[in-house]
Structure formats: structure tokens, C-alpha cells
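Residue numbers (our numbering), protein chains in the order written: chain H, 4 to 405; chain B, 483 to 874.
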């Protein structure tokens, strides 16, 4: 039993006594002069000084944890979520969901990690440590974390170029992701893929796909024809590069564009909504009914890629408005704090830890050596004796090892 | 009366053709006649071209692979696919119309034997066929896709070049679609016109990451196709459609492999090297015998077999020996694969060359309909180029 705990309980007791004394009509005027009250005030001041000393030492975890543990958090809470628009479906995902404290903290940490990682990638890009293409997904954290929460690790995921969030939620560490962005050996594709080509177990990238309007309809056709258990997901962040969806699409009801494939439109800024919709869609597919389409209405704060400032086709006010009203991390935090699932300090603590993790990862990504030049020709083919690849002139040859 | 006269004339012409030893396409079996000759009225027969531009020369019966059977090209392809599906439980065949046997009968009987889960039709979308093939190859199955004609492979070009070829490289060897093989009928056929006669191997030669293979005969086709299927890289296997029925020889029933990226020296020689692939090999073989007979020139005939990665060593060794090179293909001259061979050979063997490297190819036009006999690099054009090289 540490000093602070005793001090805390003593403080409560004395504060209770003080309240009683002050509350009493006759005794109140005597309050300060009473020896007992002077004693209690003195004690309180000393205790508060001790507590503040203790709290100011940030590394002294036991103290703060003890203080926090003395507060009782709810184990879980039920929340209402927005109803999804449905296409060719009789019922949709449920409108209420239960969030446990553990899950809430996990989602918060994951979303915060993705957010910080994207911001760090932005910073590194501006310092020219990351080159090439970089498509950031801050603002869309609820999509990747919510999706992962609704599926199993053994399910397979494939996505397009805005892939950093998915790469993280599918199991790769921030170190590997940042090292791949900076093109170093420690990256997940050994530095040869870059931002758009990150792969992990049951995660097939990361694809620099462009212009797939026709291909998607071919895929819808095949999936529906053969009843493949496939969830098609459209992260609708309102802009295709620099063109708003109203100017690019004859029909912006993307969840209906599957035509013969059922679809749902989900609020992609609310992680619980995404999670429930994903669970619903996964159950639909697993029951053998065939493919389903999910449109997640979300928003990206950055431009399309790092070469796009993001403000030439939309106003800063719009970005600010979304950031203040529907930021996914803020929404989750408010929900958890208001339902007593976590405290503000606890979440702040997670922020600090995440920040440190990202710093370490950025440090590693900057300091790791690049892959050696010999690897330029590797893995073009799978070949048993390595064979020669010609270079820019007839005297330069690389070995292709695989 | 006119009919009788026409028939008599037709028969006489046939005999004359027979005397020169050219292949008579009328002798095709049953349905073949319907394919090779859309109309079968006797009056038209007299005006139609009677002979093909080549004579198929079968190779001697192979003894080292066990029992053999007389098969033509499409039967040898069926045999190879049969062996693959039997050996590899994850192998699947898909494409347009493959279920009933295929428009060229290359997959006859396979659906009945192996089930509709393993031999199935896809919708009419080449991009989707190859994209789908890449997907199942990445998960580990052996995917054998069919594109109905090589002319239709262009919608799938993006999938092949941007996805299939680069999968292994961009994921640092984490994932690959090596178990994908794309088979497609290829080359001129006598009446194919613009969209049933193309030879697109040069487009794919420009793409590191895939292999392109073209056989010249049923024996070669089965061995090379089995090698492509087993190769751990995505392969495109072009089958010369004019040889589907025209080429018949003894082919082993058991599976066997012919190594990829190895050219074959069919005939040794000392004066000129002739390089070709697919149907054109038979044309240059005839040119070689013509040159021997009329000019006393000894030609070395090489079948390239694999277009990329191609066997630079065999060709260069041959050119160092002979000093003269003639390359021939049906595809248009500009940017055709002969230009790559020519360029590399002059880099490697410059001082050995006695004459400029000669390329006898199709014209730089779309593959014509009525002008096909003028367009294709037949034996006379090749012979003429060879003569010019000898007299340089």
C-alpha cells in the first residue's frame, strides 16, 4: 500500500468531513478557525502536493495506474449506429452494437497508429526521405480498422494503392511499412515495391491499379455468375483524384452499381457502423449467397497523393468541417469517454505510446540500408540457375536470382 | 456439263499439286473442311488457293519417351492438358467455349473426364479471363487459360504486362502467379484476315517477367506446353492454328518435357543461319533444301522455340560459324522480334558477319484479307533474300 493510496483515501475522508462542516449553517463561519478544519486543509495541501509530484513524474506508471484503477470503468456499452441504405436486401446490419472496453481500446490504438503513421509518412515525404508515390489514408482509419474487426485473419484482402492502413491492420508492423516507403531492405517487399505494393499474409497488396471501370463490371459478372464469396468494397471519399464524384459518375449510388449484386451504403467514419456492416456482409458471403457490395462513405484529409495539395478542388473549410464533426478517432474517443469505457488520460497515454512507436519506426526506416544493387535483377523470373538480365548497354548485366 | 468440267479441272489440279508434294488441304478430316474452307461448292474450288505456303515436315519418331501415337497438333495439346490435369490436382482449364471441347477441339473430352469444376467456360471477357487466372495462380492453383485467338489477347494485355509479369518482382518474391499458362491459337491460316491471323509475340517480348513459347510441331507442342505449365513463371503458349490439322506426327502418350529458352538446331550447315519459329520453320526448311539444290549453299536451320527469354548463345554460336543470318516471321517487319535478334547478334558477332542480317517478315500493314498470299513471307521471298545475302 503506497503512500499515495493512503493519502488518496485520507483525502477523500477529510474532504467529506469538510463538506459536512461547510454544509452546516452554524459551523460554516467557524470552519477556517476550527483547529480540525485547519488540520484537514493543511493535510489536503500536503497531499495534493504529493500527488502532483507523483503525477508529474510521467514514468512513474504505477501511481497513475493505481489512481486510474481506482475508477471503475464499464466493461462494455451499447451504442446506436446509423442504419445502412440497402439495395436488393431485405434486412441490413443491426442498428445497435455492443463495444467492449478491450475492443474499444484496441480500435483506438489501431486508428491512432494508422493516423500517426500517415502523418509521419507525410513528414518524411516532405523531407524527401520517401520518394515516388505516396497515397495517404488519414481520415479513412475507420474503414480499415472496422473492416479488420469484422473479418477473420484467415480471410483474404486485396486493395488498390491507398493501402498503408490495410497493410497495418493485416498484421505488418509500422517499422516494415515505413521502411518499405523509404525503399529500404527492412521493408515488407524488401524495398522493391514502395507505397503501392505492400504484401502480407492473406493480404495481396497494394496494387497500382488505374482505370478499372470496365474490369470491375467484369469482376461483378464473374462473381455473381459463379456465386463467389466476395465482398466488393468502395471507399467513397467523395473525390476521384481531383474530380468530385458528382462530376465523374452518372450514378453516385455506388452501392447500387453492382446491379444484380446486393449492396449496402455504410457510414465509413463510424468504426462501429463499419464493423457491423462488415460482419453482416461476411456472414452473407459465408452462407453461400454469393457476392455483396459495400460502399463506405468516408473522407480523406490529404490530397489524392503527395503531389496533390488537396485544396484546388475542395475548400479548406470543407476539410475542417469534416475534421471537426466526423473525425473517426474523435467519434470513437467521445463515445468511449461518455460511456465510461475509458478515461481521457488513458487515451492520451495510448497517444503517447503510439507516437513513440512511430518515431522509432521512422528512425529505423531512415537508418536502414537500401537493398544492394545486385537485387535490381532479382525475382523477375523464378529460375533455378540464376540467369543474366541485360542492362542499359551491352556490357551491363545483372543476375536474376529467385 | 460445266460442273463436270469444273470437277475434272479441279481433280487435275489436285494431281498436279500432288506431284509437287504440297500438302492438300482438301484431305482434312470431316469438320476440318468446314473450318478451312467455309464454302464447299465445286465451282469455287477452282478459284480458291489450292495449296498452303508451307509443307509440314514431321520429325522422326521419338524413341526415348515410350509408346507413341499419331497425333496432330490439337490432339497433342489435348494429350498434354490431359497429362497435366491427371498429374496436378489443382490444375484447371478455362476460357471461352472450352467446355464442349473448344473451337479447335483442343480440350475435347476433358470436362467429362475431370469434371466441371476443373474445365469450365468463362464469360466473354479476355481481361477477366487473364485477371481471374492471375488470381487463382496467386493462391496456388495451376491455371491454364485459353484466349480463343491471339488477336483477342489485347484486352488482357494490361493484366499480362502490368500484373502477371510484375507480381513476383514487386512483392519481393512474397507472391507470384507462376502457375499461370495462357494458351492461344496464333499465326496466319490462309483466310483469317485481320483478326484471326495475328502473331503478337513481339508485343510480349518487350515485357520482362513472362515467357513466350511457340512450337513448330505436335511433338514440340506437347513437350513445350507441359514445360510451360510446370514452369514457375507466367507463360504464354502460342499454337500455330494452321498446323492444328495440317501437322501430324508420332507423339509420345506419356508426359515429357522440352526445356524452355533453348533453341533447336534442326539442320546443321556452314554457310547461312536461318532462324524462325512456329509455322515459318517449315518454310525455311524448304528454303534450305532449295538453296542446297539450286545454289549449293549449306544452311543451318534453327527453331527458336522460346521467344523470351530467347537462346542468344545458340544463335550467336551459329552465326559465328556461318557469318550470315536470315530471320523470318509473319508479324510485321517494324518492331517484330527479328529486330531484337538482329540487334543482339550484331552486338555480339559484329566481326563475324559477312553480310547484313536479313529479315524476311510481313509488311507493315494490318494482316490483310484478300492480299494474304502477297503479305506472308513465303519461301520465294526468303530464297530471294538468301540469294542476295550470299552474293553480298
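Even glycine gets a Cβ: it sits at the ideal position worked out from N, Cα and C. Quick caveat: nothing in here was measured; it's all calculated off a predicted structure.
Closer than 9 Å at the C-beta level to chain H, one finds these residues of the stretch 614 to 642 of chain B: 614, 617, 620, 621, 637, 640 and 641.
The beta carbon of residue 645 of chain B sits closer than 6 Å to the beta carbons of 616 from its chain, once the five residues preceding and following it are set aside; these are given in chain order. Ranked by Cα distance from residue 260 of chain H, the first of H/298, H/118, H/122 and H/226 is H/298. Secondary structure at residue 650 of chain B: helix, using DSSP grouped into helix, strand and coil.
Within 9 Å of the CB of residue 390 of chain H, the CB atoms of chain B belong to 743 and 791, in sequence order along the chain.
For residue 155 of chain H, the closest Cβ of chain B is not nearer than 8 Å. Under DSSP, residue 551 of chain B takes part in a beta bridge, and its partners are B/733.
At least 8 Å separates the beta-carbon of residue 355 of chain H from that of residue 346 of chain H. Three or more Cβ pairs drawn from the stretch 697 to 714 of chain B and the stretch 554 to 561 of chain B lie within less than 8 Å of each other, which places the two stretches in contact. At the C-beta level, residue 649 of chain B and residue 772 of chain B stay beyond 8 Å of one another. Judged by their CB atoms, residue 784 of chain B and residue 815 of chain B are not nearer to each other than the 8 Å cut-off. Under a 10 Å Cβ-count criterion, residue 98 of chain H is classified as exposed, with fewer than 16 other Cβ atoms of the shown protein chains found around its own Cβ. Contact of residue 651 of chain B with chain H is assigned, a C-beta pair being separated by under 8 Å.
For residue 236 of chain H, not one C-beta of chain B is nearer than 8 Å to its own C-beta. Under the three-state reduction of DSSP output, residue 666 of chain B falls in the strand class. The stretch 203 to 218 of chain H makes contact with the stretch 152 to 164 of chain H; the number of CB pairs closer than 8 Å reaches 3 or more.
For residue 167 of chain H, no CB of chain B lies under 8 Å from its own CB, so it is not counted at the interface with that chain. Relative to the Cα of residue 802 of chain B, the nearest Cα in the group B/791, B/836 and B/810 belongs to B/836. With a threshold of 8 Å between beta carbons, residue 829 of chain B makes contact with chain H. Residue pairing from DSSP places residue 717 of chain B in a beta bridge opposite B/663 and B/693. In the assembly as shown, residue 199 of chain H is a buried residue. Its beta-carbon has 16 or more other beta-carbons within 10 Å. Sequence-distant partners of residue 624 of chain B (beyond 5 residues in either direction) whose C-beta falls short of 6 Å from its own C-beta, in its chain, are 570, 572, 573 and 661.
Taken through DSSP and simplified to helix, strand or coil, residue 297 of chain H comes out as strand.
Put simply, the CB of residue 366 of chain H is far from chain B, with every gap to its CB atoms at 8 Å or more. Under the Cβ criterion of 8 Å, residue 228 of chain H is counted among the residues facing chain B. About 13 Å separates the beta carbon of residue 737 of chain B from that of residue 550 of chain B, a gap too long to meet the 8 Å contact definition. Counting the other Cβ atoms within 10 Å of the Cβ of residue 796 of chain B gives 16 or more, which makes it buried. Sorting H/331, H/127 and H/250 by C-alpha distance to the C-alpha of residue 367 of chain H places H/127 at the top. Residues 265 of the same chain have their beta carbon placed closer than 6 Å to that of residue 92 of chain H, with the five preceding and five following residues left out of the count. Taken in chain order, the whole beta strand (DSSP E) runs of length 3 or more contained in the stretch 194 to 266 of chain H are 234 to 239. In the three-state scheme derived from DSSP, where H, G and I count as helix and E and B as strand, residue 87 of chain H is classed as coil. A Cβ-Cβ distance of about 7 Å is found for the pair residue 534 of chain B and residue 728 of chain B, placing them in contact under the 8 Å criterion.
With respect to the 8 Å criterion, residue 707 of chain B and residue 581 of chain B are not classified as neighbours on the basis of their beta carbons.
For residue 574 of chain B, the enclosing beta strand (DSSP E) stretches over residues 573 to 577. A buried status is given to residue 576 of chain B, since no fewer than 16 other beta-carbon atoms sit within 10 Å of its beta-carbon.
Of the other Cβ atoms in all chains shown, 16 or more fall within 10 Å of the Cβ of residue 632 of chain B; this residue is therefore buried.
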